[in-house]
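Heads up: the sequence shown begins at 4 in this note's numbering, then just goes up one per residue. The beta carbon of each residue, even a glycine, is placed where N, CA and C say it ideally should be. All of these numbers come straight from a predicted model, not from anything done at the bench. First comes the structure, then the notes that go with it.
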Amino acid sequence: MTILLFMRQSSLLVMKSKIQSDKIGLVCILRYRNWMDNLEIFGRYFNTGLHILFLLFKEHLIFLQPVLLTGLTGANFIVDIIHSALLNPAEEVPPSSPPALADITSPATENMAAASLSDSASSLPRNVVIKTEPETEGGLLFGSEGVLVKRDPVVSLVAPVSGLQPLAWSQDHRLAVCTTSSLSLMELVCDVHNNKQDLALHRTSIPVPTEAYKLRVGPAAEQAQMTEKFSTHPDPTIRQVFLADKVMNPSVGVHKGIKYASWSPLGCDSGGRCLLACLTLDHRLTIHNSHKRLEWNMLVDLTKKYSERLKERRYAKKDNKPPQANLLDFEELQRRFRMQTPLRMEWSSIYTIKQVQPDNTCVDVEMVLLAVLMENGDLVLWKFVLPFLNGPDVVFYDIIESGVTRPSDLAWWEYENADRRMSGLIVGSEVGPVKIMPVSLSGVKGYFTLRHPVILWKECDEIAVENIKCVPMIHPIHKSTCSLIVASRGCYVFWCLLMISPAGLNVHNSHVAGVHSLPVVSLAVSQHGVAVYTCSLDGWIKKLTPTFTENTLIFKQEDMLWPENLTGRRIHGIAVSRNGAYIAIVSTQGIVDSHHPVHRTYQVHFMALKTPETAAALLLKSPTQNLYKMADLLDLVRWQILKNKSIPASLQEELDQRIQEVDSPYLWRFKLFLVRILYQSLQSPPSDHRWKPTRKESKVLVRDADEEDGEDEDDAEQGEEGDEGESGEVKLEKEENREEQIAEVQAWINAVETHLMRENMKKVLGVVYLNTWIAQNTSIPTCGLVEYLSKDTNDRASEVLIGHIKNKMNKQTFSERCTLCQDVLPFTDHKQAICKNGHMWLRCVLSYQACQTLTFRRCLLLDSIARLPKPEGKRHFPSSLHLHFTVTLSISHLLLSPSTSAFIPLCRSDHHLTFWISSQLKTLILKNMNDY
């Protein structure tokens with residue numbers, strides 16, 4: 004590749020002097036849009052760093068010169084700018100010039116798919132400038148969250164990273180890292196029993212299969228004949244293509260590693276957590292789940308399942324017409340391989356559909372779709388019925404022919420505004436175009452379908468579209484729901500704003516230029532407080548913050564400051580946690596002493612994007628009211644308490660005020676979490692390792708016969724004893740103060756736990772009172788709960804409830820008995836039950852029954868258990884880090900869901916039931932309050 008560029012040094016000096024004298028900005032008018040991308044591709048192929056120096060003069064681009072640094076040997080390249088000219092000062096120069104800002108019009112003009120003309124960069128207000136580099140005089144404009152704060156530990160990977168997007172962060176706080184040997188997984192655990200300030204990460208991995216997977220496109224004999232024919236084909240254009248293709252000809256060597264990983268929404272597996280879709284470099288697509296937390300199980304192989312389906316259909320297209328040619332036709336051979344070679348896969352959100360039962364009754368069934376992008380542009384949709392257990396629960400849903408010949412990336416577009424809900428699949432191409440393909444969701448209530456594809460970008464400029472992300476937003480000016488789509492195209496960031504109005508679907512698109520000098524390798528989006536983070540091989544991470552105007556968007560660019568020990572490293576990928584608290588960065592060494600290192604080590608760094616004060620404010624104002632879903636923000640608050648050994652006074656005052664205003668269980672659990680972390684911060688670190696045995700040896704006093712220096716030794720010993728006495732008194736005083744503080748904090752913990760426990764007991768007794776005909780309620784220790792609540796004479800609501808329960812039960816008592824000795828289990832403690840013979844059983848935190856089985860469920864914080872080993876109900880989510888009681892009411896029996904905090908939560912439809920039960924109890928208590 005050669006670059007025919009020309010520039011003379013004399014003309015540069017003349018132009019520079021003219022600029023300085025006339026104060027006119029010099030800009031570079033580029034006849035060819037993608038000249039900079041060609042230079043960057045050129046730099047990639049020759050392993051060189053391409054840097055573009057921007058010198059700004061009065062907000063205009065004064066001078067632009069590409070500089071090729073080290074890495075080229077045996078070749079001299081003359082670099083020049085093709086066209087340059089002086090502009091009149093009166094003419095406007097757009098501050099950022101995207102590669103092709105042409106107005107687009109969607110062909111879908113019927114029904115909801117009508118697209119309006121987009122606003123190009125020229126429609127920006129004249130007083131708005133998107134700067135490509137930060138100003139140097141005024142300093143960098145960073146808020147409190149502009150500086151990356153490094154968190155320990157740094158996780159070292161045993162193998163190099165693989166895939167174009169090696170990092171993926173799930174909604175249940177697990178990070179997947181694609182490597183050449185395995186899929187490395189790290190779970191962020193907010194542990195209340197850990198007093199270390201480092202992040203608590205539980206590491207697991209899914210190994211890459213040792214046997215390479217081979218795609219089947221026909222009978223074995225016919226496939227062997229095909230291989231022999233095309234490997235010795237007389238036409239070199241066919242023979243070389245076949246021999247170089249590792250999919251059709253795996254004998255040349257197949258890469259091993261993970262190509263891509265994608266997490267499902269929260270609540271898809273049997274334990275209420277996320278499913279993991281894993282795609283290997285040999286094109287094997289599998290679905291995994293982690294039922295026992297440290298063990299991963301493969302549930303289904305979708306590549307094998309789809310291959311069998313194609314074989315049954317004789318490799319026909321969507322129209323079911325069998326192909327006329329056989330495998331000995333090279334075009335037919337390529338078509339069969341490309342139609343079953345997956346490139347990307349993405350999960351949809353959870354949908355609720357109506358399913359007819361054999362008795363003609365309808366029940367709500369929840370499902371999730373997995374879209375798989377094939378090499379030929381087909382979109383294969385798989386339907387997973389929730390909770391997903393094994394292979395038979397996944398069925399083929401639909402196939403969509405996108406018409407994109409060279410697809411590159413995939414993302415879901417989902418729009419929801421009041422009663423209008425729509426969805427589609429965003430498909431990017433290696434040559435430039437981006438479109439939304441309609442997805443028909445039959446049976447999903449409230450969903451509309453696009454009649455035609457929507458073109459987001461139609462220019463074929465040979466710039467690949469990668470890292471597509473879609474974020475739902477609220478337009479602050481129009482007060483309507485909109486969708487922001489961002490993607491990387493070379494060194495540019497492509498964005499598209501979709502809004503639905505009475506006129507149809509409005510599409511506004513443009514590019515953000517000047518973000519990086521090298522192509523963007525990874526892009527991440529923070530959902531809360533929408534911000535786009537981009538990184539490139541040059542080691543820079545930039546933050547783009549969108550700002551709405553009347554008709555378009557403006558992105559504010561900020562450079563994220565790196566810690567000193569991480570500067571100069573080569574970045575391979577970034578990912579942002581669920582609530583934007585942390586950003587994970589996988590990197591390796593850059594150029595060391597002007598040379599590339601012989602051996603590279605790959606590491607994952609965790610950086611805090613938010614301050615603990617901001618995290619605490621978000622936790623107090625959380626709309627989800629769920630500590631588990633906010634675990635990344637919770638960890639920042641935990642880190643601050645452990646570091647300062649105190650709860651921030653402002654946070655404590657705000658929390659107490661909110662508890663007085665709204666007595667919410669969520670706020671009480673948050674308070675309990677803070678106090679427990681404070682208790683851990685006051686604990687002294689263990690001096691000895693628990694696993695190391697202690698060796699106590701008796702001391703022998705050896706008296707020296709020679710006592711010439713005895714007096715001096717006695718004086719020295721007396722001085723040492725005096726110093727030790729003084730320091731010992733100080734240590735003793737500090738120890739006493741610490742013990743007093745620990746005792747106060749422990750009493751604080753007991754008070755908060757008692758409040759939560761009593762409120763939980765009221766809910767349990769309320770459910771028993773409303774459903775006394777259910778046989779399962781006889782095993783709940785009702786009398787013990789009544790006696791326990793009766794100890795507090797100041798709780799009027801408890802007295803009313805207890806009175807109603809005693810009248811309704813008619814003095815019927817059902818005592819718990821020990822399964823070992825059949826003795827009565829008295830209710831003396833809400834955490835455990837001990838019979839007269841000394842048999843101790845832990846009590847369920849949901850129903851307060853004694854757990855007398857070998858298997859039960861434990862909270863993520865390891866401080867509570869649930870009686871049932873498996874969750875009951877339709878679908879469950881981890882609801883909170885601290886347990887609370889929720890129930891689902893069935894016609895035949897009462898389901899006590901053993902997952903509130905970390906086990907399971909209720910589905911959306913059951914929240915109405917819980918609210919109904921609470922309202923019924925409240926009405927009943929208020930109505931009969933005057934009777935007691």
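- [ ] Might you give, ordered along the chain, the residues of its own chain that have their beta carbon closer than 7 Å to the beta carbon of L392, omitting 5 neighbours on each side?
- [x] In the sequence shown, the residue the question calls residue 392 occupies position 389. Here the set comprises S273.
Open item on the list: So V437 and K472 are supposed to be a Cβ contact under 8 Å. How far apart are they, rounded?
Closed with: Taking the first residue of the sequence shown as 1, we reach residue 437 at position 434. Taking the first residue of the sequence shown as 1, we reach residue 472 at position 469. That pair is no contact at about 12 Å.
Open item on the list: Let me make sure I understand the geometry here. Which of S525, L269, S426, E225 has the alpha-carbon closest to that of C485?
Closed with: For the purposes of this step, residue 485 is taken as residue 482 along the sequence shown, with counting starting at 1. Nearest C-alpha to C485: S426.
Open item on the list: If you reduce the DSSP assignment to three classes, tell me which class K262 lands in.
Closed with: Position 259 of the sequence shown, counted from the first residue, corresponds to residue 262. In the structure shown, K262 sits in a strand (DSSP, three-state: E or B).
TODO: On a CA-only basis, which of A224, Q226, F245 is nearest S234? Give me that one, please.
DONE: By one-based count along the sequence shown, residue 234 stands at place 231. The residue with the shortest Cα to Cα distance from S234 is F245.
- [ ] Can you tell me which of I577, T591, G576, H205 puts its alpha carbon nearest to the alpha carbon of T570?
- [x] The residue labelled residue 570 in the question sits at position 567 within the sequence shown. Per the Cα distances, T591.
Open item on the list: My assumption, with CB atoms under 8 Å, is that D175 sits in contact with L269. Please give the rounded CB distance.
Closed with: Stepping through the sequence shown from its first residue, residue 175 is reached at position 172. Stepping through the sequence shown from its first residue, residue 269 is reached at position 266. Going by Cβ atoms, the distance from D175 to L269 rounds to 6 Å, so yes, they are a contact pair.
Open item on the list: Quick check: is any heavy atom of the ligand SAH less than 8 Å from the C-beta of F451?
Closed with: This structure lacks the ligand SAH, and indeed carries no ligand of any kind.
- [ ] Within its chain, find whatever has a CB closer than 6 Å to the CB of A162; leave out the 5 residues flanking it on each side and keep chain order.
- [x] The count along the sequence shown starts at 1 and reaches residue 162 at position 159. Closer than 6 Å at the Cβ level, and outside the excluded window around A162, lie T182, T183, S184.
Open item on the list: So for Q606, helix, strand or coil by DSSP?
Closed with: Within the sequence shown, numbered from 1, the residue matching residue 606 stands at position 603. Of the three classes helix, strand and coil, the one that applies to Q606 here is strand, per DSSP.
Open item on the list: I need the DSSP call for L284, collapsed to helix, strand or coil.
Closed with: Position 281 of the sequence shown, counting from 1, holds the residue named residue 284. L284: coil per DSSP, three-state reduction.
Open item on the list: Taking the alpha-carbon of Q3 as reference, which of R454, F676, L804, H842 has the nearest alpha-carbon?
Closed with: The displayed coordinates of the chain run from 4 to 935. Any statement about residue 3 would go beyond what the structure contains.
TODO: Find the nearest neighbour of E225 within the set S597, L330, S513, judged by alpha-carbon distance.
DONE: In the sequence shown, counting from the first residue as 1, residue 225 sits at position 222. Ranking S597, L330, S513 by Cα distance to E225 puts L330 first.
Open item on the list: With three or more beta-carbon pairs closer than 8 Å as the criterion, would you say the region 452–466 touches the region 380–388?
Closed with: no
Task: CB contact flag (W415, S351, <9 Å) - done: Here residue 415 is taken as the residue at index 412 of the sequence shown, counted from 1. Here residue 351 is taken as the residue at index 348 of the sequence shown, counted from 1. The answer is yes: Cβ separation under 9 Å.
Task: Outcome for K321 when other beta-carbon atoms lying within 10 angstroms are tallied against a minimum of 16 - done: Sequence index remark: in the sequence shown, residue 321 carries index 318 (1-based). Per the 10 Å Cβ criterion, exposed.
- [ ] Note down the Cα distance separating T230 from I261, rounded to an integer number of angstroms.
- [x] Here residue 230 refers to the residue found at position 227 when the sequence shown is read from its first residue. Here residue 261 refers to the residue found at position 258 when the sequence shown is read from its first residue. About 27 Å.
Task: Cβ contact (3+ pairs, closer than 8 Å) linking the region 151–171 and the region 607–627 - done: yes
Open item on the list: If you measure between the beta carbons of A328 and E349, is that distance less than 9 Å?
Closed with: Taking the sequence shown and counting its residues from 1, the one referred to as residue 328 is at position 325. Taking the sequence shown and counting its residues from 1, the one referred to as residue 349 is at position 346. No, they are not a contact pair.
TODO: Helix, strand or coil for H758, going by three-state DSSP, please let me know.
DONE: To locate residue 758, count along the sequence shown from 1; it is residue 755. If DSSP states are grouped into helix, strand and coil, H758 belongs with the helices.
Open item on the list: On a Cα-Cα basis, can you pick out the residue from V489, I480, I650, T207 that is closest to T552?
Closed with: Against the sequence shown, residue 552 aligns to sequence position 549. Residue I480 is the option with its Cα nearest to T552.
TODO: Examine the Cβ distances between the region 645–660 and the region 558–570 and report whether three or more of them are shorter than 8 Å.
DONE: no
Open item on the list: I want to know whether the region 781–795 touches the region 761–770 - three or more CB-CB distances under 8 Å.
Closed with: yes
- [ ] Measure the C-alpha to C-alpha separation of I356 and G446 and round it to an integer number of angstroms.
- [x] Residue mapping note: residue 356 aligns to position 353 of the sequence shown, counting from 1. Residue mapping note: residue 446 aligns to position 443 of the sequence shown, counting from 1. Those two C-alpha atoms are separated by around 6 Å.
- [ ] State buried or exposed for H602, treating a residue as buried only when at least 16 other CB atoms are found within 10 Å of its CB.
- [x] Stepping through the sequence shown from its first residue, residue 602 is reached at position 599. Exposed is the call here.
Task: Distance CB(R177)-CB(L188) smaller than 9 Å - done: Stepping through the sequence shown from its first residue, residue 177 is reached at position 174. Stepping through the sequence shown from its first residue, residue 188 is reached at position 185. Yes, Cβ-Cβ distance for R177 and L188 is below 9 Å.
Open item on the list: Check whether the region 195–210 and the region 648–663 are in contact - that is, three or more C-beta pairs closer than 8 Å.
Closed with: no
Open item on the list: With H, G and I counted as helix, E and B as strand and the rest as coil, what does DSSP make of F830?
Closed with: Counting from 1 along the sequence shown, the entry for residue 830 is found at position 827. Note: F830 maps to coil in three-state DSSP.
Open item on the list: Which of the three DSSP states is assigned to M502 in this structure?
Closed with: Start at 1 with the first residue of the sequence shown, and residue 502 comes out as number 499. In this structure, M502 counts as strand in the three-state DSSP scheme.
TODO: Under the assumption that L636 contacts L622 (Cβ atoms under 8 Å), give the Cβ distance between them as a whole number of angstroms.
DONE: Here residue 636 is taken as the residue at index 633 of the sequence shown, counted from 1. Here residue 622 is taken as the residue at index 619 of the sequence shown, counted from 1. Their Cβ separation, rounded to whole angstroms, is 6 Å, which keeps L636 and L622 in contact under 8 Å.
- [ ] State the beta-bridge partners of I439 as determined by DSSP.
- [x] In the sequence shown, residue 439 corresponds to position 436, counting from 1. Note: I439 sits in a beta bridge opposite I429, V457.
Task: According to DSSP, residues forming a beta bridge with T537 - done: Reading the sequence shown from its first residue, position 534 is the one you call residue 537. Answer by DSSP bridge pairing, in chain order: L526, K545.
Task: Same chain, Cβ closer than 7 Å to W460, five either side skipped, listed in chain order - done: The count along the sequence shown starts at 1 and reaches residue 460 at position 457. Here the set comprises I107, G435, P436, V437, F497, N512.
Task: K307 in three-state terms, based on DSSP - done: Taking the sequence shown and counting its residues from 1, the one referred to as residue 307 is at position 304. In this structure, K307 counts as helix in the three-state DSSP scheme.
TODO: Could you tell me if D201 is buried or exposed, where buried requires 16 or more neighbouring beta carbons within 10 angstroms of its beta carbon?
DONE: Counted from its first residue, the sequence shown places residue 201 at position 198. With fewer than 16 other Cβ atoms within 10 Å, it is exposed.
TODO: Enumerate in chain order the residues of its own chain whose CB-to-CB distance from H758 is below 7 Å, with the five nearest sequence positions on each side excluded.
DONE: Position 755 of the sequence shown holds residue 758. Contacts found: W671.
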